[in-house]
Amino acid sequence: MEITHIRNATLIVKYAGKKFLIDPMLAEKGAYPPFPDSVREDQNNPLVPLPTSLDQIMKDVDAVIVTHLHLDHFDEAAKKVLPKDMKMFVQNAEDAAEVNNSGFQNVEVLTENTGFHGIQLTKTAGEHGRGDIIEFAGQVCGVVFKHPDEKTLYVAGDTVWYEGVQKEIDQHQPDIIIVNGGDNQFHQGGSLVMGKEDIHEVHKASPDAEIIVVHMEAVNHWTLSRKELKDYTNDVGMDTLVRIPQDGDSYSF
Numbered sequence: 029m030e031i032t033h034i035r036n037a038t039l040i041v042k043y044a045g046k047k048f049l050i051d052p053m054l055a056e057k058g059a060y061p062p063f064p065d066s067v068r069e070d071q072n073n074p075l076v077p078l079p080t081s082l083d084q085i086m087k088d089v090d091a092v093i094v095t096h097l098h099l100d101h102f103d104e105a106a107k108k109v110l111p112k113d114m115k116m117f118v119q120n121a122e123d124a125a126e127v128n129n130s131g132f133q134n135v136e137v138l139t140e141n142t143g144f145h146g147i148q149l150t151k152t153a154g155e156h157g158r159g160d161i162i163e164f165a166g167q168v169c170g171v172v173f174k175h176p177d178e179k180t181l182y183v184a185g186d187t188v189w190y191e192g193v194q195k196e197i198d199q200h201q202p203d204i205i206i207v208n209g210g211d212n213q214f215h216q217g218g219s220l221v222m223g224k225e226d227i228h229e230v231h232k233a234s235p236d237a238e239i240i241v242v243h244m245e246a247v248n249h250w251t252l253s254r255k256e257l258k259d260y261t262n263d264v265g266m267d268t269l270v271r272i273p274q275d276g277d278s279y280s281f
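Numbers 29 to 281, taken from the numbering used here, label the letters of the sequence shown in order.
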């Protein structure tokens, strides 16, 4: 498998001979207003440009996985440039209806046992924050990839650490885990995605797994930098198993 971090939560995963585009936010730098009631409200989103061309990102994509419909995971640019006959996987019927309404004609809801060319895709649970903000943030999911010829990959999506993530790790025993780790927040409500302590809990739950941390420094409400996370991984002794890619970095497993 080959995993390329594009920007924010956008990933390209080549797995068992198929190319997946995950959570495509494809707009040019600064195309959208900042998320309100948060830090850097004077900076438009995305904060940084794409590391490669749209043509390169979309070349030979077999399917798109959209974990939820927030702008920084499925934006207007993606709706415009992705082919309308592209295979699209979404988390539930409500998201499927919205993606259909955007003109896409080949939309499927992920389940606990979705098949795609011999690859098992399993929808996983997630909580987009803690407490009252969960209702505001809405439903989210992750996905586990399995194939006899590949290691097991768990893309956790926009979730904090909680017992549901522990259950997914216990059930699937992933070899590689991708977490969204910018500790993004509004001024009230706390973390919307994982902070450094959450990532440490993931490591403790799966001490042999390699962890890739994305969703960093790309939209205005991030609060955890790559440098701070790197220093923390050194301090707690998980630096050899936690990768913090720059935009455009790739890993093969």
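Note that the Cβ used here is the ideal one computed from N, Cα and C, for glycine as well.
So what does residue i bridge to, in DSSP terms?
i: E191; result: DSSP lists no partner for E191.
i: E136; result: F117
i: S278; result: T32
i: T38; result: R35
i: R271; result: I240
i: V172; result: T150 and Y182
i: I143; result: Before going on, a small fix: residue 143 reads as Gly here, not Ile. The partner list for G143 (beta bridge, DSSP) reads Q148.
Do you know whose CA, among the options, lies nearest residue i's CA?
i: I50; options: L39, Y60, A44 and A59; result: L39
i: D70; options: D88, P79 and Y60; result: Y60
i: Q213; options: A124, E238 and F164; result: F164
i: E136; options: R254, V207, N120 and R68; result: N120
i: G217; options: V207, H156 and D267; result: H156
i: I239; options: E229, E245 and N248; result: E229
i: V221; options: P235, M244 and A233; result: M244
i: E122; options: V41, V183, Q133 and L97; result: L97
i: M116; options: K108, A105 and N128; result: N128
i: A105; options: P273, L78, E256 and M266; result: L78
i: R271; options: W250, H231 and A125; result: H231
i: L54; options: S66, L75, Y43 and V67; result: L75
i: Q201; options: H215, Y182, V241 and L269; result: Y182
i: I93; options: F63, F132, P52 and D65; result: P52
Give the DSSP-derived three-state secondary structure of residue i in the structure shown.
i: K46; result: strand
i: G148; result: Reading off the sequence shown, one finds Gln at residue 148, where the question assumed Gly. Strand.
i: T261; result: helix
i: N73; result: strand
i: D123; result: helix
i: K112; result: coil
i: E56; result: coil
i: E256; result: helix
Mind checking which residues open and close the beta strand (DSSP E) that includes residue i?
i: I93; result: A91 to I93
At what residues does the alpha helix (DSSP H) containing residue i begin and finish?
i: E108; result: For clarity, residue 108 is Lys in the given sequence; the question names Glu instead. Counting along the chain, the alpha helix (DSSP H) containing K108 begins and ends at E104 to V109.
i: F63; result: Per DSSP, F63 belongs to no alpha helix (DSSP H) and is neither H nor E.
i: A165; result: I161 to A165
i: D83; result: L82 to M86
Segments assigned alpha helix (DSSP H), at least 4 residues, entirely inside the segment 177-238: Segments of the alpha helix (DSSP H) lying fully in the segment 177-238: 191-200 and 224-233.
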